[in-house]
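A.B. asks: Chains as they are written, first to last, in our numbering: chain H, 47 to 228; chain Z, 47 to 228.
2 protein chains.
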Amino acid sequence: MRGFNGFSYADVAGELDITTASLHYHYRGKAELGKALIDRYGERFAEALDAIYARPAGALPKLRAYADLYAGVMDEERMCLCGMLAAEYRTLPEPMQDAVVTFFDANEAWLDRVLREGRKRGELTFSGSPREVARALISALEGALLTSRPYADPDRFRATAREMIKRLASPAPRRAPAAPRR
Amino acid sequence: MRGFNGFSYADVAGELDITTASLHYHYRGKAELGKALIDRYGERFAEALDAIYARPAGALPKLRAYADLYAGVMDEERMCLCGMLAAEYRTLPEPMQDAVVTFFDANEAWLDRVLREGRKRGELTFSGSPREVARALISALEGALLTSRPYADPDRFRATAREMIKRLASPAPRRAPAAPRR
DNA sequence: GTCTATAGGCAGATAGAC
DNA sequence: GTCTATCTGCCTATAGAC
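#1: Mind pulling the chain H residues with CB within less than 7 angstroms of R136 (chain Z)?
#2: Can you list the residues of chain H that T148 (chain Z) reaches, using a CB-CB cut of under 7 angstroms?
#3: Where does R84 (chain H) land, buried or exposed, given buried means 16+ other C-beta within 10 angstroms?
#4: Are any of the Cβ atoms in chain Z nearer than 7 angstroms to that of G52 (chain H)?
#5: Who are the Cβ neighbours of R228 (chain H) in its own chain at under 7 angstroms, not counting the five residues just before and after it?
#6: Whole angstroms is fine: what's the gap from F172 (chain H)'s alpha carbon to A103 (chain H)'s?
#7: Going along the segment 175 to 193 of chain H in order, which residues come within less than 9 angstroms of chain Z, judged by CB to CB distance?
#8: Give a yes or no on whether the minimum CB-CB distance between Y206 (chain H) and chain Z is below 7 angstroms.
#9: Cβ of P196 (chain Z) less than 7 angstroms from any chain H Cβ?
#10: Does the CB of M142 (chain Z) have a neighbour CB from chain H at under 7 angstroms?
#11: Determine, using beta carbons only, whether R181 (chain H) and D158 (chain H) come nearer to each other than 7 angstroms.
#12: Where do the ends of the alpha helix (DSSP H) carrying F91 (chain Z) lie?
#13: Between the segment 108 to 124 of chain Z and the segment 58 to 67 of chain Z, do three or more beta carbon pairs fall short of 8 angstroms?
#14: Which same chain residues end up closer than 7 angstroms to Y73 (chain H) when comparing Cβ atoms and leaving out the 5 residues on each side of it in sequence?
#15: Assuming V160 (chain H) contacts A105 (chain H) (C-beta within less than 8 angstroms), just tell me the rounded distance between them.
#16: Could you tell me whether the Cβ of A155 (chain Z) comes closer than 7 angstroms to any Cβ of chain H?
#17: Shorter than 7 angstroms from the beta carbon of L77 (chain H) to some beta carbon of chain Z?
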């Protein structure tokens with residue numbers, strides 16, 4: 047993927063072995079085509095999130111599975127579509143901007159739920175609001191995808207992601223936030 | 047900033063109130079212009095890092111100052127130049143790709159040093175290698191810039207960054223990794 | 001150093017035949 | 001639905017006068 051400003055109608059048409067005129071029959075313009083691509087991406091991602099949530103597993107395995115989703119994206123396309131589009135957000139037509147925001151909001155809501163439930167059950171320990179932690183986690187994973195892009199090594203992303211999740215939602219090694227003893 | 051594919055020679059020339067032909071006198075082509083922009087950005091960033099390192103402060107304040115650098119970038123341009131270019135890395139001419147990598151490597155090296163020294167002096171506590179943590183920190187901050195782009199609120203970035211640094215390099219609240227007592 | 005003029009290419013988009 | 005042909009506009013880049 048090359049971003050909205052980095053791909054052309056001809057690129058997509060060529061991939062489908064049709065002409066740009068034919069592509070125009072299906073999508074009025076580039077903005078509409080772009081929005082459709084985001085929506086499809088968002089739907090697939092949402093399905094994957096549902097599948098993870100349905101598993102009979104704890105919060106921490108779910109978070110790890112969430113990170114693995116990103117790793118899978120990286121293997122296939124080397125970057126999350128919406129992460130890339132966020133970079134050129136200001137140049138996007140409005141319908142595409144809205145679709146990008148929708149994607150991030152959905153991720154945040156899903157993580158918020160997992161984090162909230164995980165803390166309630168005592169599986170996770172973190173200070174601050176679940177929403178803040180959810181945003182931090184999304185930021186960290188998107189950022190890890192972004193910064194590992196220039197480096198061919200996929201392990202670079204995996205190592206960073208592992209580092210993140212360990213710190214963001216580590217199972218409580220201790221109980222009470224008692225006063226430090228020396 | 048709109049990225050490499052999102053700005054034109056005419057944009058830059060217009061900003062300088064000259065013509066594109068004049069701009070060509072100074073920079074042979076768009077690739078050379080782009081590389082010069084990255085280099086200038088990298089130099090300024092490096093100067094800021096030197097200034098932070100020279101301060102008579104501990105590792106943690108230095109890390110906070112590092113995060114503030116990103117916050118400053120966000121206020122001015124809403125995105126780190128190299129973070130944005132990393133998203134469209136594959137479409138960049140080679141000299142620009144190299145310049146982007148140089149930027150990230152320099153950041154990593156600086157953080158690695160601060161983290162290493164901070165741990166040695168007992169100011170920071172983290173498991174794993176300083177290099178891994180450095181990468182995680184860069185990822186987190188770049189990602190926070192990226193994902194807060196669609197949301198006008200600058201506090202969104204600040205809150206996420208604070209959340210990160212608290213977790214990434216928190217001063218040890220306790221000493222020994224003793225067995226959990228119940 | 002900066003300009004006007006212009007080349008040459010590729011972009012997104014449309015008309016109309018099949 | 002897909003095609004050919006074509007339009008218009010913007011892009012990077014160059015030539016050559018001042």
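Glycine included, each C-beta is placed from N, C-alpha and C at the ideal position. Since the model is a prediction, treat every value here as computed from it, not as a measurement.
C.D. replies: According to the structure data:
#1: If you number the second sequence from 1, residue 136 (chain Z) lands on position 90. Neighbours of R136 (chain Z) on chain H, chain order: R48.
#2: Counted from its first residue, the second sequence places residue 148 (chain Z) at position 102. What T148 (chain Z) touches in chain H: nothing, since even the nearest Cβ is about 10 angstroms away.
#3: Reading the first sequence from its first residue, position 38 is the one you call residue 84 (chain H). Correcting the residue type first, residue 84 (chain H) is Ile in the shown sequence and not Arg. The residue in question, I84 (chain H), is buried, as its Cβ has 16 or more Cβ neighbours within 10 Å.
#4: Walking along the first sequence from the start, residue 52 (chain H) turns up at place 6. Yes - at least one Cβ of chain Z is within 7 angstroms of the one on G52 (chain H).
#5: If you number the first sequence from 1, residue 228 (chain H) lands on position 182. Confidence in R228 (chain H) is poor, its pLDDT being 38 and thus under 50, which makes the residue's placement too unreliable to answer from.
#6: Mapped onto the first sequence, residue 172 (chain H) falls at position 126. Mapped onto the first sequence, residue 103 (chain H) falls at position 57. Between F172 (chain H) and A103 (chain H), the C-alpha separation is close to 19 angstroms.
#7: E178, V179, R181, A182, I184, S185, A186, L187, E188, G189, A190, L191, L192 and T193
#8: To locate residue 206 (chain H), count along the first sequence from 1; it is residue 160. According to the sequence shown, residue 206 (chain H) is Thr rather than Tyr. Yes - at least one Cβ of chain Z is within 7 angstroms of the one on T206 (chain H).
#9: Numbered from 1 along the second sequence, position 150 holds the residue referred to as residue 196 (chain Z). Yes, contact with chain H.
#10: Stepping through the second sequence from its first residue, residue 142 (chain Z) is reached at position 96. So, not an interface residue.
#11: Walking along the first sequence from the start, residue 181 (chain H) turns up at place 135. Walking along the first sequence from the start, residue 158 (chain H) turns up at place 112. Result no, Cβ atoms of R181 (chain H) and D158 (chain H) do not sit closer than 7 angstroms.
#12: For the purposes of this step, residue 91 (chain Z) is taken as the residue at position 45 of the second sequence. Per DSSP, F91 (chain Z) belongs to the alpha helix (DSSP H) from K76 to A100.
#13: no
#14: By 1-based counting over the first sequence, the position of residue 73 (chain H) is 27. Cβ neighbours of Y73 (chain H) beyond the five flanking positions: L79 and A82.
#15: Locating residue 160 (chain H) in the first sequence gives position 114, counting from the first residue. Locating residue 105 (chain H) in the first sequence gives position 59, counting from the first residue. Between A105 (chain H) and V160 (chain H) the Cβ distance is about 5 angstroms, and since that is below 8 angstroms, they are a contact.
#16: Taking the first residue of the second sequence as position 1, residue 155 (chain Z) is located at position 109. No, A155 (chain Z) lies away from the interface with chain H (no Cβ there is under 7 angstroms from its Cβ).
#17: Counting from 1 along the first sequence, the entry for residue 77 (chain H) is found at position 31. Reading off the sequence shown, one finds Ala at residue 77 (chain H), where the question assumed Leu. Cβ-Cβ to chain Z under 7 angstroms: no for A77 (chain H).
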